[in-house]
Structures are given as C-alpha cells and as structure tokens.
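Here it is in structure tokens:
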C-alpha cells in the first residue's frame with residue numbers, strides 16, 4: 018500500500034482543506050500516518066468506505082492517542098478496528114515479528130521463541146535500550162541523545178496540548194520519580210514530594226502519562242466479597258528504555274547489578290505480555306494479587322478461558338516451585354486456579370512439577 022504522513026505540513030494542509038481531493042490523489046489501499054492532524058479526513062474516509070464497502074482500504078496511525086480516539090469514535094464508529102501499538106516487542110526488534118503470537122499460558126513453550134534466548138548481559142542490554150524503532154534500527158544511536166529529544170518533543174506536543182503544564186522542569190522531575198518507581202504500587206504523595214507539586218497535580222500528571230501511553234496502570238485482582246486485598250494499582254513504564262533513561266542508568270552493566278534490576282525486569286515482562294496480546298489485536302485481562310498486609314502477593318494474574326494463571330518474575334536462573342506458594346491464597350471465585358509460570362533468567366524451559374513451569378524471560 019502507499020504511505021503518507023501528515024506530520025508533513027503541506028500534506029496535512031491539503032488533507033484539511035480538501036479531504037475528498039486528498040483521497041482521490043492517494044488511491045486505496047493507503048496508510049495514513051499522524052491522521053489526527055486532519056480530523057475532517059475521517060469523515061471523507063467514512064463516506065468512501067460506506068460507498069465502496071471494501072475492507073482494508075485505509076490504515077491509520079497516530080501518536081496522539083487521546084485526540085485520535087476522540088475523532089475516530091465520532092466519525093468511524095463501527096467501521097474501524099483499533100489496535101494499541103507500543104514500542105517494538107523483543108521479537109519485533111529482533112526481526113521475528115512474524116512469529117510473535119499471543120502468549121498462551123496453557124502451552125507456554127509453544128508460544129515463545131527459542132531463538133531469542135540470551136544471557137543476562139544481552140537481556141539487560143535489550144531492556145536498557147528499549148523498543149523505540151529509531152534505537153532498534155540504528156545500533157549506533159545513543160539512547161541519551163534520542164530520549165532527550167523525545168522527552169522535549171513529548172512535552173511540547175502531547176503534554177502541552179493536554180494540560181498546559183507551566184512548569185516543565187517539575188514535570189520532568191515527576192517523570193523521573195515515576196520511572197524510579199516502576200513496578201511499584203502507586204503512591205501519589207511520594208511522587209508529589211519528589212516533584213515539589215501538590216498531590217492533586219500528581220494525580221493529573223499520572224493521568225496524562227497513562228493517556229499518552231508512557232505508563233500503564235495494572236489494577237489489583239479483587240472480588241466483591243474479599244476485603245483484605247489491596248485496591249491500589251501498580252505503575253509500569255511501557256518502554257523500559259525510556260524508563261532507564263529517566264531513572265538515570267547510563268549503561269546496561271550498572272543496571273544489571275543494581276537494586277533496580279528486579280523492578281525493571283518485572284516491567285519488561287509485563288510489557289512483553291501486553292505486546293503479545295495488543296500487537297495481535299487482543300486485550301488481555303492481567304492483574305496483580307496482593308493482600309493488604311503484604312503477606313501474600315503474586316506478580317501477575319492472567320485471567321483467560323475461565324482460569325486464573327499465576328505468573329511470577331524471578332531474577333534467578335533456577336527458581337523453585339516454592340516461589341509460587343502464594344498462588345494458593347488467590348480467591349478464585351468462579352474461576353479455576355491453573356498451573357503457574359515463573360519467568361526467570363534461565364536459558365531453557367523446564368518443569369517445576371504439578372504442571373507448573375519455568376520459562377526464560379529472553380524467550381518471550
């Protein structure tokens with residue numbers, strides 16, 4: 018198909034002034050990038066799709082999710098399929114995107130890619146660089162150079178449009194504080210203190226980060242009858258490269274040997290699971306389990322096909338079945354408790370007994 022990007026001012030102006038003529042100039046199938054810059058184009062697309070009734074005529078992408086979704090819901094409701102695309106997954110970055118199937122907890126060894134296996138040094142290098150395409154296609158590009166420009170443009174474009182943030186320095190401090198707390202439960206007062214802002218402002222800014230795809234809030238698993246479970250979500254950065262840069266990690270070696278290594282590993286696993294589903298057009302039901310007293314916790318619960326699958330992340334090459342002991346305390350309700358999976362730093366899949374298994378993180 019042909020591809021046009023509306024971050025080109027001339028093309029965007031043409032699409033806004035004469036959307037019908039624009040579609041006449043670029044025959045379908047057509048991929049239109051940054052389509053949010055020409056919202057009237059969506060109505061012209063609707064008319065053309067209704068007239069010709071062919072699927073796959075137009076593919077549209079946009080980096081400003083809030084405005085894009087608002088315009089699409091108003092103009093193309095019922096006529097468009099929506100996919101959330103994060104930065105590149107591990108398999109996509111390694112050129113193995115065609116094999117990036119949805120993670121299947123019933124047959125985990127069949128839904129992973131053995132050729133991606135690597136040691137800890139390479140794994141943390143992948144985590145440290147993240148999945149932004151520019152950093153993937155150009156190994157010589159320094160993350161420090163890329164992310165400094167990225168954050169500057171993010172502040173000027175998305176953040177300014179959403180909230181008119183006056184103190185950009187405070188917002189960057191806020192982002193850095195959030196990055197250092199990836200994988201933790203969300204405490205607004207801590208973030209507010211670090212950025213020297215009010216707690217209500219911290220809530221607003223967390224909402225901005227979530228709506229613009231910088232972070233993802235993982236909700237706790239709960240039932241209506243269980244009161245002892247925590248109700249506070251956990252916060253994860255969607256791209257580990259951006260998270261590492263904001264948190265101040267200059268290289269993968271120091272990252273791997275730091276106290277931050279476990280949290281960023283958990284963040285990476287969560288991100289790869291999300292990409293597995295979202296990049297295949299599906300939305301997973303993922304939660305975490307934690308009792309309010311902190312005595313029992315499980316990193317992730319994947320709810321699928323009537324079952325609850327406990328998923329643990331361990332920075333170990335030889336995890337034990339005992340690492341899944343807290344799964345027995347999950348109040349399953351109408352669901353069935355399924356065998357658990359431990360994502361670890363080993364180089365091969367191996368059984369733990371009772372249907373449970375350990376899987377290398379680098380194979381996701």
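Residue numbers (our numbering): 18 to 381.
Ideal Cβ positions, reconstructed from N, Cα and C, are used throughout, including at glycine.
Roughly how many angstroms separate the alpha carbons of residue i and residue j, rounded to a whole number?
| i | j | result |
| --- | --- | --- |
| residue 51 | residue 165 | 22 Å |
| residue 207 | residue 60 | 45 Å |
| residue 58 | residue 298 | 24 Å |
| residue 106 | residue 139 | 15 Å |
| residue 356 | residue 334 | 20 Å |
| residue 307 | residue 35 | 55 Å |
| residue 158 | residue 358 | 36 Å |
| residue 324 | residue 56 | 42 Å |
| residue 137 | residue 317 | 22 Å |
| residue 230 | residue 239 | 25 Å |
| residue 364 | residue 108 | 16 Å |
| residue 220 | residue 79 | 25 Å |
| residue 197 | residue 271 | 15 Å |
| residue 368 | residue 375 | 6 Å |
| residue 222 | residue 110 | 30 Å |
| residue 348 | residue 338 | 20 Å |
| residue 353 | residue 346 | 13 Å |
| residue 236 | residue 38 | 46 Å |
| residue 161 | residue 262 | 7 Å |
| residue 130 | residue 121 | 12 Å |
| residue 135 | residue 381 | 11 Å |
| residue 41 | residue 19 | 13 Å |
For the alpha helix (DSSP H) that contains residue i, what are its first and last residues?
| i | result |
| --- | --- |
| residue 251 | Run containing residue 251: none in the alpha helix (DSSP H); it sits in the beta strand (DSSP E), 251-254. |
| residue 307 | Taken as a continuous stretch (DSSP letters only), residue 307 belongs to no alpha helix (DSSP H), being part of the beta strand (DSSP E) at 302-307. |
| residue 285 | 278-295 |
| residue 205 | 205-212 |
| residue 224 | 216-228 |
| residue 262 | 257-264 |
| residue 93 | No alpha helix (DSSP H) holds residue 93; DSSP gives it neither H nor E. |
| residue 62 | 57-69 |
| residue 351 | Neither: residue 351 is in no alpha helix (DSSP H) and is coded neither H nor E. |
So, is residue i buried or exposed, given that buried needs 16 or more other C-beta atoms within 10 angstroms?
| i | result |
| --- | --- |
| residue 150 | exposed |
| residue 296 | buried |
| residue 273 | buried |
| residue 104 | buried |
| residue 373 | buried |
| residue 77 | buried |
| residue 124 | exposed |
| residue 251 | buried |
| residue 329 | buried |
| residue 302 | exposed |
| residue 156 | exposed |
| residue 154 | exposed |
| residue 141 | buried |
| residue 144 | buried |
| residue 99 | exposed |
| residue 94 | exposed |
| residue 331 | buried |
| residue 195 | buried |
What is the residue span of the beta strand (DSSP E) that residue i lies within?
| i | result |
| --- | --- |
| residue 329 | 324-330 |
| residue 21 | 19-22 |
| residue 320 | 314-321 |
| residue 232 | 232-235 |
| residue 360 | 358-361 |
| residue 368 | 367-370 |
| residue 10 | It is not possible to answer for residue 10, since the shown part of the chain is limited to 18 through 381. |
| residue 273 | From DSSP, residue 273 is part of no beta strand (DSSP E) but of the alpha helix (DSSP H) over 269-273. |
On a Cα-Cα basis, can you pick out the residue from the options that is closest to residue i?
| i | options | result |
| --- | --- | --- |
| residue 254 | 233, 361, 370 and 238 | 233 |
| residue 340 | 300, 327, 287 and 142 | 327 |
| residue 101 | 31, 300, 316 and 109 | 300 |
| residue 366 | 144, 175, 132 and 28 | 132 |
| residue 26 | 54, 45, 308 and 247 | 54 |
| residue 214 | 204, 176, 188 and 199 | 188 |
| residue 378 | 220, 287 and 63 | 287 |
| residue 114 | 371, 319, 352 and 294 | 294 |
| residue 72 | 80, 46 and 89 | 46 |
| residue 74 | 44, 103 and 202 | 44 |
| residue 269 | 20, 228, 240 and 146 | 146 |
| residue 351 | 321, 368, 343 and 371 | 321 |
| residue 247 | 225, 314, 184 and 118 | 314 |
| residue 117 | 291, 209 and 211 | 291 |
| residue 24 | 96, 49 and 261 | 49 |
| residue 190 | 212, 69, 161 and 285 | 212 |
| residue 280 | 199, 360 and 309 | 199 |
| residue 260 | 193, 226 and 135 | 193 |
| residue 283 | 176, 177, 361 and 309 | 361 |
| residue 224 | 175, 186, 267 and 256 | 175 |
Please confirm whether any heavy atom of the ligand MN lies closer than 7 Å to the CB of residue i.
| i | result |
| --- | --- |
| residue 265 | Of ligands this structure carries none, so the ligand MN is not represented either. |
Does any C-beta atom of chain C lie closer than 8 Å to the C-beta of residue i?
| i | result |
| --- | --- |
| residue 44 | The structure shown contains no chain C, having only a single protein chain. |
Q: Only counting runs of 4 or more residues, tell me where the alpha helix (DSSP H) segments fall wholly within the segment 129-196, in order along the chain.
A: 137-146, 150-154, 160-171, 177-180 and 185-196
Q) Which parts of the segment 19-51 are runs of the beta strand (DSSP E), unbroken and 3 residues or longer, counting only runs that do not cross its ends? A) 19-22 and 47-50
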